[in-house]
Each structure stands twice: as structure tokens, then as C-alpha cells.
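Everything in the sequence shown is counted per the numbering used here, starting at 511 for the first residue and increasing by one.
Ideal placement from N, C-alpha and C gives every residue a C-beta, glycine not left out.
Only a predicted model underlies this, so the values are computations on that prediction, with no experimental measurement involved.
Only one structure is covered here, and it is reproduced in the block below.
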Amino acid sequence: MQYRIEIDTSPLKDMLYTLKKIRYLNKEDLKKILYSRAYRYMLFTNSLSTNDLIEILDNLSRGSEPKEDRLKWIYNEFKNCMENIDKYYSFVNSVELRKAEIIGSAYSRAMKYLFENAEIDVKVYIVIGGSDAYGVNLLDTKAIIMNSTHFLDNIDKFIAILAHEIHHKALWRSREIYWRLEKRGLIILKYIYDIMSEIVGEGVASIVASPYIMMEKYNLLKNNINREYAAVEEGIINIYEKFSEKRAREIFDKLYTNVGPIYMVGIDMALKIEKYLGRKDLIETLEDPTSYTFFKKYVTSLNEMENPYIYSEKLIKILGEVYRKIIEIY
């Protein structure tokens with residue numbers, strides 16, 4: 511096992527310093543934020559520009575909301591931070607005091623659902639602004655961005671969500687396959703594979719992060735889980751039979767965004783594979799970067815289940831086509 515996990519609290523501390531002296535900012539203070547790798551990633555992920563951040567900080571210094579509605583959410587998050595800044599300092603102090611413990615705990619959680627030769631090499635940037643945690647693979651495959659706002663009163667939740675993100679980083683081969691399909695011009699299969707791999711990745715990583723966020727939603731929806739399966743199946747078939755890039759992106763976004771059906775189906779399949787075949791079999795599916803083994807194991811265990819969702823023959827054929835093409839080019 512090879513792993514390296516680093517946690518960088520300086521982006522959070524720099525922003526706290528900036529917000530604390532917001533009325534007296536100089537150019538050097540501003541540059542420290544604007545040129546920070548962590549905040550560049552945060553801005554990129556949230557489709558914000560350098561000028562947007564400058565405007566937000568200027569609004570904060572004057573105590574007035576930005577005119578554009580699209581900027582108000584982050585303005586309000588920074589404003590809330592200024593009003594509760596002691597909580598943020600307390601959080602960053604806790605992380606720094608317990609850094610080794612946090613890394614060890616997150617790593618251990620992730621490894622419960624990873625194969626022995628998994629490679630983990632990540633740098634965690636703690637910031638203010640945006641969703642709770644995410645990667646920025648288009649810019650940096652090692653980076654994990656974690657927004658302190660979501661974890662101020664709960665270090666255990668921070669550890670669990672960090673473990674979720676670490677688990678993703680260990681399954682890095684899925685990105686290689688995605689781009690191989692892109693380079694070969696296999697665009698339809700690329701979009702279908704993206705759904706397949708996210709079902710596997712988000713499903714298992716969400717169990718790693720239990721009982722938080724994704725599992726909370728799953729527990730609310732699990733009695734009607736077949737609706738989530740149907741949405742995923744319909745989405746894949748629509749991409750395959752009525753393909754356009756625009757439609758494929760829209761379908762993926764609908765299935766993925768806001769902890770959508772991709773997460774719910776992934777969790778349910780993973781839990782059932784673990785229940786009926788065992789955790790060892792579930793972990794074995796993660797060693798297959800095509801994601802096909804995960805679906806195959808689920809189908810294998812159908813006879814053991816009560817009222818399971820049964821994928822159509824049409825869908826299984828589509829997944830099989832994706833699998834065979836990946837084997838050919840990988």
C-alpha cells in the first residue's frame with residue numbers, strides 16, 4: 511500500500527485573516543487569496559472569476575450585498591463567517607492539533623473498502639466557500655477541497671467526508687478510461703461509462719462516509735429505491751439510443767447533481783453486493799476499472815434478494831458493449 515495524505519489549513523487561515531481586516535485590505539493581502547491554488551480551484555469549480563471574488567470582498571468591506579444574484583450565496587457565506595469567526599478559528603485549531611489523528615482515521619475508514627494495492631496521493635486544502643468537499647481533476651488530480659463551513663461543529667463528519675474523497679482518489683484509473691474513450695472518439699460509450707463508474711465510485715465511497723449526507727438521503731429514499739434505478743436505466747438507454755452531447759450532459763447532470771440517482775443506486779447496489787456476497791467481493795469489484803464487475807456481481811446476487819430491481823436485457827447489452835470496448839483499448 512502506498513499513501514500520502516497532506517492537509518493544508520493555510521487557505522482557511524488566510525481567508526480568516528482577510529475577512530477579519532476586510533476594511534483595511536492591501537494589495538498583498540488580496541494577492542495572497544487571489545493567487546492561492548486552493549481559492550483558484552474553488553473559483554473554478556463554482557464558475558466564479560477573479561473579479562467576482564474582488565467584488566464580493568469589496569461588498570463585504572462596505573457592508574452591502576452584490577447586485578448580481580449569482581454572487582449572493584458566497585457573499586452570505588463569507589458574511590456568516592465574519593459574524594461567527596471564532597467558530598472558524600476553533601475549527602482550524604482543532605484540525606491542526608489533531609491532524610495526524612484525522613489523517614489516520616480517514617485513511618482507515620477508506621481502506622475498509624479498498625483493495626490492498628490501492629495508491630493514494632492527495633493534498634487536502636481547507637477553504638471557505640462552496641459545497642462541502644470535492645476534487646478538481648481537470649486541474650489537479652491530487653487536490654481535495656474541503657469547505658470548513660460544513661464541518662465547524664463536527665470533526666467526525668469532516669473525517670468521514672475526507673475518507674469519502676480519499677476513496678475516490680484511490681480509484682483514479684476510471685479517469686484514464688474516460689479519456690481513452692474520448693481520445694478514440696467513442697463519445698457515446700464515454701458518457702455511459704461515466705455513469706457506470708460514478709455509480710461504483712459514489713456508491714462505495716458513500717458507505718465509507720456513513721452515516722453522513724449521502725447515507726442520510728439514501729435512508730429516506732430506500733423504500734422507493736426502484737424509482738432511482740429506473741431513472742438511471744432510462745438515462746443510459748436515452749444516451750445510447752438518442753445521443754447528442756447536449757442531451758448526454760443534461761442526463762448526467764440530472765442523475766448526479768444534488769446526491770441524485772447515481773448515488774442512491776450505487777449505495778443500494780454496493781450494500782446488496784456486500785450483504786449477499788460479502789465485503790471481499792464488493793472490494794474485488796473496485797479492482798476492475800471497467801466498472802462492469804460491479805454490475806455483474808449485483809446481477810449474480812439477485813436470486814438472494816427480496817423484490818430487487820432487475821435491469822433490462824437492453825441495458826445489460828449496452829453495459830456489455832462498453833465493457834468489451836474498454837478491454838480492447840485499455
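Distance from the CA atom of Leu699 to the CA atom of Thr528, rounded to whole angstroms, is 46 Å. Linking Asn729 to Gly745 through their CA atoms gives a straight-line distance of about 23 Å. Here Ile595 is exposed. Its C-beta has fewer than 16 other C-beta atoms within 10 Å.
The residue from Tyr722, Asn748, Ile826 with its alpha-carbon nearest to that of Asp666 is Tyr722. In the three-state reduction of the DSSP assignment, Met656 falls in the strand class, which pools E and B.
DSSP, reduced to helix, strand and coil, places Gly645 within a strand of the structure shown. Nearest Cα to Ile826 within the set Thr803, Glu814, Tyr598, Asn817: Thr803. For Val637, the three-state secondary structure derived from DSSP is strand. For Asp539, the enclosing alpha helix (DSSP H) covers residues 537 to 544. Secondary structure within the region 746 to 826: the alpha helix (DSSP H) runs of 4 or more consecutive residues, fully enclosed, are 755 to 766, 771 to 787, 789 to 796, 802 to 810 (chain order). Tyr551 sits in a helix when the DSSP states are folded into three classes. Under DSSP, the beta-bridge partners assigned to Glu629 are Gln512.
In this structure, DSSP gives Thr651 an extended state, which the three-state scheme calls strand.
Tyr840 is classed as exposed because its beta carbon has fewer than 16 other beta carbons within 10 Å across all chains shown. Sequence-distant partners of Thr560 (beyond 5 residues in either direction) whose C-beta falls short of 6 Å from its own C-beta, in its chain, are Leu544. Ile793 and Phe625 do touch by the CB rule: their CB atoms are close to 6 Å apart, below 8 Å. Leaving aside the five residues that flank His660 on each side, the residues in its chain whose CB is nearer than 7 Å to its CB run, in chain order, Asp642. DSSP places Asp666 in the uninterrupted alpha helix (DSSP H) bounded by 665 to 680. Checking the DSSP bridge columns, you'll see Ile517 partnered with Val634.
Around the beta carbon of Ser822, fewer than 16 other beta carbons sit within 10 angstroms, so the residue counts as exposed. Where Gly711 is concerned, the enclosing alpha helix (DSSP H) starts and stops at 697 to 718.
Boundaries of the alpha helix (DSSP H) around Leu570: 560 to 572. The region 697 to 713 and the region 774 to 781 touch, with no fewer than 3 CB-CB distances between them shorter than 8 Å. Contact annotation: Ile702 and Ile749 have beta-carbon atoms nearer than 8 Å. About 5 Å separates the beta carbons of Leu522 and Val602, which is inside the 8 Å limit, making them a contact pair. Within the model, the alpha-carbon separation for Met552 versus Asn627 is close to 31 Å.
A residue is called buried when at least 16 other Cβ atoms come within 10 angstroms of its Cβ; Asp763 does not meet this threshold and is exposed. Non-local beta-carbon contacts of Arg533 in its own chain, meaning distances under 8 Å to residues more than five positions away in sequence, involve Ser571 in chain order. One thing to note: Ser684 has its Cβ within 8 Å of the Cβ of Ser707.
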